[in-house]
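Here the structure is laid out as C-alpha cells; the discussion comes afterwards.
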Amino acid sequence: MTGGLSNAAPGAPLRVSITRKAFRGADGKLVEAIAHVAFEVPGGSFVTLIGPSGCGKTTTLRIVLGLETEFEGSVVRPDPDGRIAVVFQEPRLLPWRTVEENVRLALPEGIGTEDLDELFDVLGLSEMRSRFPTELSLGLARRAALARAFAIRPSLLLLDEPFVSLDEMTAARLRRLLTTVWSARRTTALMVTHNLREAVQLSDRIVFLTERPAKIRGIHEIKVAREARDAEWRETELRRLDREFPGVL
Amino acid sequence: MTGGLSNAAPGAPLRVSITRKAFRGADGKLVEAIAHVAFEVPGGSFVTLIGPSGCGKTTTLRIVLGLETEFEGSVVRPDPDGRIAVVFQEPRLLPWRTVEENVRLALPEGIGTEDLDELFDVLGLSEMRSRFPTELSLGLARRAALARAFAIRPSLLLLDEPFVSLDEMTAARLRRLLTTVWSARRTTALMVTHNLREAVQLSDRIVFLTERPAKIRGIHEIKVAREARDAEWRETELRRLDREFPGVL
Amino acid sequence: QETPSRVEPIRVGVLQYGTVNWELDAMTREGLDTANGVDVEIVPFAGEAASSVALQAGDVDMIVADWLWVSRQRATGADFTFAPYSTSVGSLMVPQNSPAADLGDLTGKTIGVAGGPLDKNWLLIQALAKREYGVDLSSANEIVYGAPPLLTEKARTGELDAVLNFWHYAARLEASGFRTLISGTEAAREMGTEGPVASIGWVFRDSFAEEHPEAIDGFLAADLATKDLLTSSDAAWEPLRTMMKAEDDAAYRILIQRYRDGIPARSPGDEVKDTEALYALLYEIGGERLVGPSETLVEGTYYSGLGNGP
Amino acid sequence: MALDGMASVRGERLRRLAHDRLTPGTLTTISLLGLLAIWWIAAAVADSRVLPTPPQVFEVFWRDAVSGELWFHLAMTLMRVAFAFVAAMAIGSVIGIGMGISRQANRFFDPWLILFLNIPALVVIVLAYIWFGLNEVAAIGAIAVNKIPNVVVTMREGAKALDPQLSEMARIYRFGAAKRIRHVVLPQLQPYFSAASRSGLALIWKIALVVELLGRSDGVGFQINLYFQLFDVAGILAYTLAFVAVMLAIELMLVQPFEARATRWRRPR
Amino acid sequence: MALDGMASVRGERLRRLAHDRLTPGTLTTISLLGLLAIWWIAAAVADSRVLPTPPQVFEVFWRDAVSGELWFHLAMTLMRVAFAFVAAMAIGSVIGIGMGISRQANRFFDPWLILFLNIPALVVIVLAYIWFGLNEVAAIGAIAVNKIPNVVVTMREGAKALDPQLSEMARIYRFGAAKRIRHVVLPQLQPYFSAASRSGLALIWKIALVVELLGRSDGVGFQINLYFQLFDVAGILAYTLAFVAVMLAIELMLVQPFEARATRWRRPR
Ligand SMILES: Nc1ncnc2c1ncn2[C@@H]1O[C@H](COP(=O)(O)OP(=O)(O)OP(=O)(O)O)[C@@H](O)[C@H]1O
Ligand SMILES: Nc1ncnc2c1ncn2[C@@H]1O[C@H](COP(=O)(O)OP(=O)(O)OP(=O)(O)O)[C@@H](O)[C@H]1O
Ligand SMILES: [Mg+2]
Ligand SMILES: [Mg+2]
C-alpha cells in the first residue's frame, strides 16, 4: 500500500493521484480517509483544496509532504532539491525558542536575514520577535508560522488553513503578502481553506472535495488575472460557484 | 494588581470591568494587553467580542474564567454554583481519552448521558466516539470540544472562536445547534469571533475592541429577534456595521 | 532460683561460611552446647559488618570481633566485652617463587591489604619492617586496599606481589602455592609480645553477662570442649567439609591445621598482659585514629567471669 | 518517474500483521539467544574462573533449584523488593508531584531532597537496623527510604512539565481530585512513572542486596555475598540471572502490555 | 460584591520582586536550618552513639579538613564521580534516545537493558577489577556501566514521548542533525535529562562508594568504610555531609540557574 513519492524537474507540475488512503484506528477499525483524489498543480500556479471538515484535506497535504507513506497511488513532486515550506493547521512552533529563533532555524544556509525585519513588520510581529510562542495569542502564533514559511523562499508552498483565527484586516493584509511572496518567485502553491472568498481571490484552480472518504467533487479554473479580480467580479464568481457547488459558501 | 472576581445571584448579569492587564514577558518587558475593557452580559443574553488578532480577547475570557488573577479591575460572575463551559481557542482534549470519554469526563454527576447520541450525531462525531483525539482532524477535534461544552448544559458559556477550521455547512449547522442549546436554557454566553456575519446572526450585543492594548471601540446592540434575522436583514446590518466599524468585515 | 538443668538460650551471629561457623556447627551437631547448659542458636550473616550491626541492634547476643574494636567501643560508651576465641590472624603471603625472603625485600612491589589501613596486623608489620629493615612499607610499595576475596584472586593472577589477608584466605592461598612471609602473630611477637595473642574473641554485652552468667559460662565451656574435639578428632571435621568450601584436599588439610594452630592456650593473665602491651604499641603506631580516645586498653575489655560483674 | 503503489491492501495488512504481531516474540528470543552467544563466546575465550560459561552457571542454578534453596532466597528477595517498591513509588510519587506543582514547596524541600538522595545506602540501612532491629520492617523500610528520593526527583520533573492547558480545562470543567489525578495528571506522568519504576525496580533490588548483606539471613543478596566470599562467580551469576529472569518476565508479561495499552493514543511513528 | 483591585502596579511589582528574588535564598537557608534543627533534636533525644549530634560530626569534619585528608578523599571521589557521570550520561543518552526512537531496536535490546539494569553493582565492579586491574579506569568504567542502564531507561521514555508534530516540522524544514538535536530534541528531553542527572549523580556517588570500598585506596567511600569498621558514625556522617554539601552547591549554583534558563519558556503557573 506504500504509495510512490517522487520528484520531477523544476517547473514541472505537482501531480497528485491518491487512489486510496485508510488509517488503522486505535480501536482496530479502518478509517477510509481518501477514496480517490487526483489533481495537478501546474508549476508556479496556486491551487486551493476545499472540502468538508474531516474529509481528508490535511491527509492529502501530508501525503504530498511525504509524511504519510502508506497509501495507494502516487505523488510526483516538482523540483527535487527545491525548498518546501508548510503552514500546518496548528502553528507548530518550538515553544522553547523565541519567535525570531523559530524563523531563523528554518532558514537554509544560503538565505540572508536582511528581509526578516520587513517580514515581521508586515506580519505585525516586530514587537514579538524575542517572545516565546507560549506568550503569543493564537493569531500571533499563526502569523509566526507564516513568517517561517515565507522566510525560506520555498519553491513549493503548502498552506493548511493559514488565515483562520485572524481578524479580517490582518487576514487581508496577509493574503496580499502571500500574493506578493508567491508571485515574486512563482512558487508552486497548494492551499487548504474553508473560505471560498479567499480561494477565489488567490487561486488559479480550486479543487472541491466530497465528504470523507474524499473524492473529487469538481475542479474550477480561474483564468482572470489576480489584478482584475475586483469586488464585483468576486461576487459574481462566488454566486456562480455557490450554484455549482452548493453549501460551500 | 490582583483583580476581583466575584459571583452574583443567578440571572444576574456578567459584569466585566478590566482597567488594566499586563503580562511580564520572558524577556522581562511588560506587555500591556488590556487598557480598559468594561461591558456587561445581561443574564441569559448572548454577547460577542470582536477585535483584531492579539488585542486581548482571549485574555478577557481568561480573566472572566478566573484563570488570570493578576489584573486591575473587577469581574462579577452570575450564579455562583452555575456550571461554566468553555470552548478554548484550541480543542484542549485529553489525548489519552477517547472523544466520548472526553465528553463524559466533563459531565457533572447530575447529568444523564441519554442525549449524547443526538449531540454526537448533530456534530458529525458519531463515528469518532471511540477514537482518540490524535486521530481526529482539527475540525473534528474542535467539534469534540463543542460537544463537551454543550453536554454539560452550562449556565455560563464562553466560546473562543468556536467555528473556525470548519467548512461553512458544518459551521452553519453548529451555529444552529448553538442557538438551540442556548435558547433552551437561556444560558449567558460570551463569544469571541473574527466573523462579523456569525456575530450578527447569534448575538444580542457585539462589543468591538481596539488594537492591543484593548479598549472598547464601540458596543452594538441588536434588538431584532433571532428568527427575524433573514438574509436581507443581515446584509443591511452588516453594511451598517461596516460603515460604523470599518475594517471588521 | 534457676534449676541447674535449665538450658540457657544464646544467639550467636556469625558469617555463614566463616570459620566461626565451623566450630559452632560442630558444637551444636555434637550437642556440646546443651551438655554445657546452653542452647546455641546460630544466626548466619553474609558480611562481617552485619554481625556487629546485629549485636548493636540487640538481635544477637554474641558475635566474634577483635579486642581493639571492643576497647574502642567501650571507650565511647558501649558495654561490650571480650573472651578469647582464636589467635589466628592474617598473614602476609607471597608466591612460592617470590624473590622476597623477608620484609626488607618488599620495595617497589604491589601489596594488597585486606583489612584496610587501620588493620592492626598491617600496622604491626609496617612497624616491624621499619624497625628491623628500615623500610617504610607503605611508601616503598604500592598498597592496594580492597575486599579480601578480590585481593586473593588478584594475588592468584599475579597482579599483586604480596597480600596481607585474613587467615582462612591465607590458608587457601597457601594450599595453592603461596608461602607465609610473616604472620600477624609473628610480627606481634617480634614487636614484643610474649606469646600469641588471641586477637579475636567472643564479644557480648556486660549487661547480657550479668543477666545470664550461666549462658556465658556454659557457652565458653562448650567452646573449649568443641576446640578439644576438633583438635583431637579428624573425623569431627568430616561433616564440616562442605561448609569449609575447600577447593581440594590440600586446602582442607591446611585449613584444619591453621585452625588448630590458632586455638589460644595461654592463661588469661598472660593474655591480658600481652594485650595491654600490644595496645600500647598500637597506640604508638596508629594513634587515636586506630585505637580511639583511650591511651590504654579500656578497663573491662576482657571478660573475667564474675570479676566483671558487681 | 512515479512509483505506483502496487501492493494490494490485503497484502499490506498481512505484512503489517507479521510486522506487528509475530516479530516481537521472535525478536526477543533472538535477542536473548544473542546475549547467550556473546556470553558463551566471551567465557570460552576468557577461559577463567572469573567468567564461567553458561553451563557452569546453569549447574549451580540447577543444584540450588532442586534443593529448593534458590526458590526460597529468591522469594524472600522478591517479597522485600515488592513491598519496598510499592511503598517507595507511592510515597515518592506523592512527594514528587507535590514538589513539582508547588514552587514554594520545591524551594523549601529541595535541599532535603538532595541530602536524602545522597545519603549512602549503608548509613540508612545501618541506622534502620539499629533503631528498629534486624527485622523485615526495618529492611523494607530502609530499601524504600533509599529509593524514595529517586522517585521524587523523576516524578517532580514530570509534574513540572504538566500541560497547564489541560489543568485549566479540568479546573473549569470542575473535575474532582480523583478525576483530575486519574485522567489528567497520571497519563501525562506515565513516561516518568515508567522510567521511575523500571530504574526503580533495579535500584531497589540492588539496595535489597546490601540490606540482605548487612542484616538478613536469607535472600539473594545474602547468597550472592556468600558466593563472593568464596569468589564463586558461577554462584553469583546463577542467583543474579534467576532474579533477572523474574524481572524480564515481569517486563515482558506485565509492564510492556500495560504500557502498550496506556500509550495506545500516541500516533505510531 | 466586586472586589476592586486597589493595589498599585508599583506595589505589585515590588511584591513580586520580593516574592521571586529574595525568598529563594532565604527559603533555602530556612530549609537547611530546619534540617539541622531536626537532626540536632533527634540526636539529643536518641542520645545514642549511633546518631551523633551536629557538633560531634563537625568535630570530625574539622579535624580531617584541617589535616587536608578530607579534601584529598573528597577530590578523588569527585573526580571519579565526574568522569563516570559524563561517560554514563553521554553513552546512556545516545543509547536511550536510539531505543526510544526505533521500535525495532527497542524490542531487540530491551532484554539486554533489563539484564544490565539488574546486574548487581558488586558483580560489575568485581569483574571490572578482575579484567582491567585495580586501577582508576576499571573503577570509573565500573561506575559508568552501573549507571548507563538507568540513563537509558529514562532517556528512552523521553524519546518515546517526543512530539511527532515538531519532528515533522523539523523534517519538512530540513533541519540538519545538529539543529534537530539541539533545538528540537534536547529541549523536549530536558525534564528527563534533569531527572536522569539528578538521580544519576546520586546513584553514581553511591556506586563510587562501593567501588572505593572494594578496591581503591582513597576516596570518600574508602574513608566511610574505614569509619564503618570502627563503627564511628560521626566519621561516616562527616564525609557524607561533605559530599552532600558539594552536591547542594552544584544544585543551587549550577543546575537550578541552568534549569531556570532552560524552562523560561514555560508559562509560570
Ligand atoms: N492518524 C490517524 N489515525 C486515524 N484516523 C485519522 C488519522 N489522521 C486522520 N484521520 C482521519 O482521517 C480523516 C481525514 O482527516 P484530515 O485531517 O485529512 O481531515 P481534514 O480534511 O484536514 O479536516 P479538517 O478540515 O477538519 O482539518 C478524518 O476522519 C480523521 O479522523
Ligand atoms: N502569558 C503571556 N505572557 C505574555 N504575553 C501574553 C501572554 N498571554 C497573552 N499575551 C499577550 O497579550 C496579548 C493579548 O493576547 P490574547 O491571547 O488575549 O489575544 P487575542 O485577542 O485572543 O488574539 P487572537 O485573536 O490572536 O487569539 C497578545 O499580544 C499576547 O502576545
Ligand atoms: Mg485538516
Ligand atoms: Mg485568542
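Chains as they are written, first to last, in my numbering: chain A, 107 to 355; chain B, 107 to 355; chain C, 180 to 489; chain D, 10 to 278; chain E, 10 to 278. Beta carbons: idealized from backbone N, C-alpha and C, even for Gly.
By the criterion of Cβ-Cβ separation under 7 Å, what are the contact partners of E/Gly-142 in chain C?
Walking along the fifth sequence from the start, residue 142 of chain E turns up at place 133. The contacting residues are Glu-338.
Secondary structure of D/Phe-202, DSSP reduced to three states
What you label residue 202 of chain D is simply residue 193 of the fourth sequence in a count that begins at 1. In this structure, D/Phe-202 counts as helix in the three-state DSSP scheme.
Quick one: is the Cβ of B/Ser-271 within less than 6 Å of any heavy atom of ligand 6?
Absence of ligand 6 from the depicted structure is noted, with ligand 1, ligand 2, ligand 3 and ligand 4 being the only ligands included.
Leaving out the 5 sequence neighbours to the left and right, which residues in its chain are closer than 6 Å to E/Phe-70 when beta-carbon positions are compared?
To locate residue 70 of chain E, count along the fifth sequence from 1; it is residue 61. Non-local C-beta neighbours of E/Phe-70 in its own chain, meaning closer than 6 Å and more than five positions away in sequence, comprise Ala-247, ordered along the chain.
Hey, quick one: how far does the alpha helix (DSSP H) through B/Lys-321 stretch, first residue to last?
Mapped onto the second sequence, residue 321 of chain B falls at position 215. Note, B/Lys-321: premise wrong, no alpha helix (DSSP H); beta strand (DSSP E) at 320-327.
What does the Cβ neighbour count give for C/Leu-476, buried or exposed, with the cut at 16 atoms within 10 Å?
Counting from one through the third sequence, the residue named residue 476 of chain C turns up at place 297. So C/Leu-476 ends up on the buried side.
Does the CB of C/Ala-254 have a neighbour CB from chain E at under 7 Å?
Numbered from 1 along the third sequence, position 75 holds the residue referred to as residue 254 of chain C. No - not a single Cβ of chain E is within 7 Å of the one on C/Ala-254.
Helix, strand or coil, according to DSSP, for C/Pro-188 in the structure here?
Here residue 188 of chain C is taken as the residue at index 9 of the third sequence, counted from 1. The answer is strand: DSSP assigns C/Pro-188 an E or B state.
Let me check understanding here. Comparing Cα to Cα, which of A/Val-313, A/Ala-255 and A/Ala-247 lies closest to A/Glu-146?
Along the first sequence, one-based indexing puts residue 146 of chain A at 40. Closest option to A/Glu-146, Cα to Cα, is A/Val-313.
Any idea what DSSP makes of D/Gly-109, helix, strand or coil?
If you number the fourth sequence from 1, residue 109 of chain D lands on position 100. Looking at D/Gly-109 - three-state DSSP - the assignment turns out to be helix.
Distance cutoff 7 Å, beta carbons only. Does D/Met-178 sit that close to anything in chain B?
On the fourth sequence, position 169 is the one that residue 178 of chain D refers to. Taking Cβ atoms only, chain B reaches closer than 7 Å to D/Met-178, which makes this a yes.
Residues of chain B with CB closer than 9 Å to the CB of A/His-300, please, in chain order.
Stepping through the first sequence from its first residue, residue 300 of chain A is reached at position 194. Ordered by position in chain B, the residues that pass the 9 Å Cβ test against A/His-300 are Gly-245, Val-270, Ser-271, Leu-272, Asp-273, Glu-274, Thr-276 and Ala-277.
Buried/exposed call for D/Ala-211, threshold 16 Cβ in 10 Å
As a position in the fourth sequence, residue 211 of chain D is number 202, starting the count at 1. Flag for D/Ala-211 reads buried.
Going straight from the alpha carbon of E/Val-161 to that of A/Leu-211, what length do you get?
What you label residue 161 of chain E is simply residue 152 of the fifth sequence in a count that begins at 1. What you label residue 211 of chain A is simply residue 105 of the first sequence in a count that begins at 1. So the two alpha carbons sit approximately 29 Å from each other.
Residue ranges of each alpha helix (DSSP H) run of no fewer than 4 residues wholly in the region 60-123 of chain E, ordered along the chain?
63-75 and 78-110
Please specify which runs of the alpha helix (DSSP H), each continuous and at least 4 residues long, are wholly inside the region 158-202 of chain E, giving them in chain order.
Counting only runs of 4+ residues, the alpha helix (DSSP H) found wholly inside the region 158-202 of chain E occupies 173-181, in chain order.
Sequence-distant residues of the same chain with beta carbon closer than 7 Å to E/Gly-209, five excluded per side
The residue you call residue 209 of chain E lines up with position 200 of the fifth sequence. Same-chain partners within the cutoff: Phe-94, Ala-97, Met-98, Lys-156, Asn-159 and Val-160.
Beta-carbon neighbours of A/Thr-286, restricted to chain E and to distances below 7 Å:
Locating residue 286 of chain A in the first sequence gives position 180, where the first residue counts as 1. What A/Thr-286 touches in chain E: nothing, since even the nearest Cβ is about 21 Å away.
Give me the Cα-Cα distance between A/Glu-233 and A/Val-330, rounded to the nearest whole angstrom.
Here residue 233 of chain A corresponds to residue number 127 of the first sequence, with the count starting at 1. Here residue 330 of chain A corresponds to residue number 224 of the first sequence, with the count starting at 1. Distance between the alpha carbons of A/Glu-233 and A/Val-330: 38 Å.
Any Cβ of chain B within less than 7 Å of the Cβ of A/Phe-238?
For the purposes of this step, residue 238 of chain A is taken as residue 132 along the first sequence, with counting starting at 1. With a threshold of 7 Å between beta carbons, A/Phe-238 makes contact with chain B.
Could you compute how far the alpha carbon of C/Val-268 sits from the alpha carbon of E/Thr-163?
The count along the third sequence starts at 1 and reaches residue 268 of chain C at position 89. The count along the fifth sequence starts at 1 and reaches residue 163 of chain E at position 154. Using only the alpha carbons, I get a separation of about 48 Å.
Beta-carbon of B/Gly-131 versus every beta-carbon of chain A: anything under 7 Å?
Here residue 131 of chain B refers to the residue found at position 25 when the second sequence is read from its first residue. It does; some Cβ of chain A falls within 7 Å.
Since D/Phe-184 meets chain B, which of its residues come closer than 9 Å, beta carbon to beta carbon?
Residue 184 of chain D sits at position 175 when you count from the first residue of the fourth sequence. Near D/Phe-184 (Cβ distances below 9 Å), the residues of chain B are Leu-211 and Ala-212.
Straight-line Cα distance separating C/Gly-237 from D/Ser-206:
Mapped onto the fourth sequence, residue 206 of chain D falls at position 197. Mapped onto the third sequence, residue 237 of chain C falls at position 58. Taking the straight line from one Cα to the other gives about 35 Å.
State the start and end residues of the unbroken beta strand (DSSP E) segment that holds B/His-142.
The residue given as residue 142 of chain B occupies position 36 in the second sequence. Here the beta strand (DSSP E) through B/His-142 covers 136-147.
Contacts of D/Pro-200 in chain B (Cβ-Cβ under 7 Å)
Numbered from 1 along the fourth sequence, position 191 holds the residue referred to as residue 200 of chain D. What D/Pro-200 touches in chain B: nothing, since even the nearest Cβ is about 12 Å away.
Strictly by DSSP, which residues pair up with C/Lys-288?
On the third sequence, residue 288 of chain C is found 109 positions in, with the first residue counted as 1. Bridge pairing for C/Lys-288: absent [DSSP].
Is it buried or exposed for C/Arg-351, if we count other Cβ within 10 angstroms and need 16 for buried?
If you number the third sequence from 1, residue 351 of chain C lands on position 172. Buried, because 16 or more other Cβ atoms sit within 10 Å of the Cβ of C/Arg-351.
Quick one: is E/Leu-136 near chain C, going by C-beta distance under 7 Å?
Counting from one through the fifth sequence, the residue named residue 136 of chain E turns up at place 127. So no, E/Leu-136 is outside the interface.
Should B/Leu-244 be counted as a contact of ligand 3 given a C-beta to heavy atom distance under 6 Å?
Here the question's residue 244 of chain B lines up with position 138 in the second sequence. Taking non-hydrogen atoms of ligand 3 into account, the C-beta of B/Leu-244 is found less than 6 Å away from one of them.
Return helix, strand or coil for A/Arg-248, following the three-state DSSP convention.
On the first sequence, residue 248 of chain A is found 142 positions in, with the first residue counted as 1. Of the three classes helix, strand and coil, the one that applies to A/Arg-248 here is helix, per DSSP.
In three-state DSSP terms, what is C/Arg-432?
Stepping through the third sequence from its first residue, residue 432 of chain C is reached at position 253. C/Arg-432 falls in the helix class under three-state DSSP.
Measure the beta-carbon distance from C/Gly-465 to C/Leu-302 and round it to whole angstroms, keeping in mind my assumption that it falls under 8 Å.
What you label residue 465 of chain C is simply residue 286 of the third sequence in a count that begins at 1. What you label residue 302 of chain C is simply residue 123 of the third sequence in a count that begins at 1. About 5 Å; that satisfies the 8 Å criterion.
Is there at least one non-hydrogen atom of ligand 3 closer than 6 Å to the beta-carbon of D/Lys-188?
Looking up residue 188 of chain D in the fourth sequence gives position 179. Look at D/Lys-188: its beta carbon is at least 6 Å from all of the heavy atoms in ligand 3.
Starting from C/Asn-344 and walking both ways along the beta strand (DSSP E), at which residues does that stretch end?
Indexing the third sequence from 1 puts residue 344 of chain C at position 165. Per DSSP, C/Asn-344 belongs to the beta strand (DSSP E) from 341-344.
Give, in chain order, every unbroken run of the beta strand (DSSP E) that is at least 3 residues long and sits entirely within the region 247-307 of chain C.
Here the runs fully enclosed are 259-265, 270-274 and 289-292.
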